[in-house]
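Take a look at the structure set out below.
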Amino acid sequence: MQRYFLEGKVPDNKIVTITGDDAKHIAKVMRQTAGDRIIVVVEDTAFLAEIRSTEFDVSVELKSALETNSEMPKQVTIACGLPKGDKLELITQKSTELGMYALLPYVAERSIVKWDSAKNGKKIARLQKIAKEAAEQSHRTRIPDIHNVHTFKQLMEAIQSYDAVVVAYEEEARSGSPTRFADILKSLYDKDSILLVFGPEGGVSENEVSRLKEAGALFTSLGPRILRTETAPLYALSALSYEYE
Numbered sequence: 018m019q020r021y022f023l024e025g026k027v028p029d030n031k032i033v034t035i036t037g038d039d040a041k042h043i044a045k046v047m048r049q050t051a052g053d054r055i056i057v058v059v060e061d062t063a064f065l066a067e068i069r070s071t072e073f074d075v076s077v078e079l080k081s082a083l084e085t086n087s088e089m090p091k092q093v094t095i096a097c098g099l100p101k102g103d104k105l106e107l108i109t110q111k112s113t114e115l116g117m118y119a120l121l122p123y124v125a126e127r128s129i130v131k132w133d134s135a136k137n138g139k140k141i142a143r144l145q146k147i148a149k150e151a152a153e154q155s156h157r158t159r160i161p162d163i164h165n166v167h168t169f170k171q172l173m174e175a176i177q178s179y180d181a182v183v184v185a186y187e188e189e190a191r192s193g194s195p196t197r198f199a200d201i202l203k204s205l206y207d208k209d210s211i212l213l214v215f216g217p218e219g220g221v222s223e224n225e226v227s228r229l230k231e232a233g234a235l236f237t238s239l240g241p242r243i244l245r246t247e248t249a250p251l252y253a254l255s256a257l258s259y260e261y262e
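Quick note on the working numbering: the sequence shown kicks off at 18 and runs consecutively.
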């Protein structure tokens, strides 16, 4: 059954209107009509809904709330140094499927790509659309927040709002006694919000490592192999899901 997200609150009469691309998808692509049923998510709650009309926009009536448990028990934000090409889109899509709470892209010292501030709105909107579609596909009850691109200074300011900050650092994998990610996860059961920091293709710089350590971040290896920048967040989220779900 198709799933659609709506902003706003649940109205008293339980009648809501779906507009834009979602309305076109229901009427033109799925060819659904009055009486057909869909799932509508409002205020992080999934409702079984019945279509009332598809003449212009799509009017639906919210029926019963569905019992779901599709969200990660931890609020995990992925902070990734800006990668090349369309890797950020891949990270957004797959991390949403794996339970990411929010995405925080940042400009790292070793980021090769230059983020065009003039096109920032369009790029963020594109990532938000990808996250929405991935949340629908994976039957989630919330769409991950997509933050504007941060400078490293802004990232350092933001980490104060998280219960724990964990940095995936490739040099940990090369050390004689690396800190195992599994051990770190076992120490975070009492933490609700976790920020996972990943570098771009060139990794986290020595200066960034120093500043993150001063801020109290935990450093970990993600195993004996060096992972690509688009693979590491997916590995970490999979491990989080295994540990906590």
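Don't be surprised by glycine CBs; every beta carbon is placed ideally from N, CA and C.
Exercise for the section: Following the continuous alpha helix (DSSP H) through residue 37, name the residue where it begins and the one where it ends. Expected result: In the sequence shown, residue 37 corresponds to position 20, counting from 1. Taken as a continuous stretch (DSSP letters only), the alpha helix (DSSP H) holding residue 37 covers 37-41.
Exercise for the section: Could you check if residue 91 is buried or exposed, using at least 16 other CB atoms within 10 Å of its CB as the buried criterion? Expected result: Stepping through the sequence shown from its first residue, residue 91 is reached at position 74. Under this definition residue 91 is a buried residue.
Practice task
Please classify residue 29: does DSSP put it in a helix, a strand, or coil?
Solution key: Residue 29 sits at position 12 when you count from the first residue of the sequence shown. Coil.
Problem - Stretch pair the region 209-224 + the region 247-262: three plus CB contacts closer than 8 Å - result: yes
Practice task
Assuming residue 75 contacts residue 43 (C-beta within less than 8 Å), just tell me the rounded distance between them.
Solution key: By one-based count along the sequence shown, residue 75 stands at place 58. By one-based count along the sequence shown, residue 43 stands at place 26. Contact flag correct, Cβ pair sits at about 5 Å.
Practice task
Kindly indicate the opening and closing residues of the alpha helix (DSSP H) around residue 94.
Solution key: Here residue 94 corresponds to residue number 77 of the sequence shown, with the count starting at 1. Run containing residue 94: none in the alpha helix (DSSP H); it sits in the beta strand (DSSP E), 92-98.
Exercise for the section: List in chain order: all unbroken beta strand (DSSP E) runs of 3+ residues lying wholly within the region 166-213. Expected result: 181-185
Exercise for the section: Decide if residue 122 is buried, meaning its Cβ has at least 16 other Cβ atoms within 10 Å, or exposed. Expected result: Residue 122 sits at position 105 when you count from the first residue of the sequence shown. Buried: at least 16 other Cβ atoms inside 10 Å.
Handout entry: Spatially closest choice to residue 157 from 217, 110, 106, by CA coordinates
Key = Working through the sequence shown from its first residue, we reach residue 157 at position 140. That would be 110, whose Cα lies nearest to the Cα of residue 157.
Practice task
Identify whether residue 155 lies in helix, strand or coil by the three-state DSSP scheme.
Solution key: Working through the sequence shown from its first residue, we reach residue 155 at position 138. Note: residue 155 maps to coil in three-state DSSP.
Exercise for the section: Select from 204, 188, 39, 195 the residue whose C-alpha is nearest the C-alpha of residue 221. Expected result: Start at 1 with the first residue of the sequence shown, and residue 221 comes out as number 204. It is 188 whose Cα lies nearest to the Cα of residue 221.
Exercise for the section: Reducing DSSP to helix, strand and coil, say where residue 56 ends up. Expected result: On the sequence shown, residue 56 is found 39 positions in, with the first residue counted as 1. Strand.
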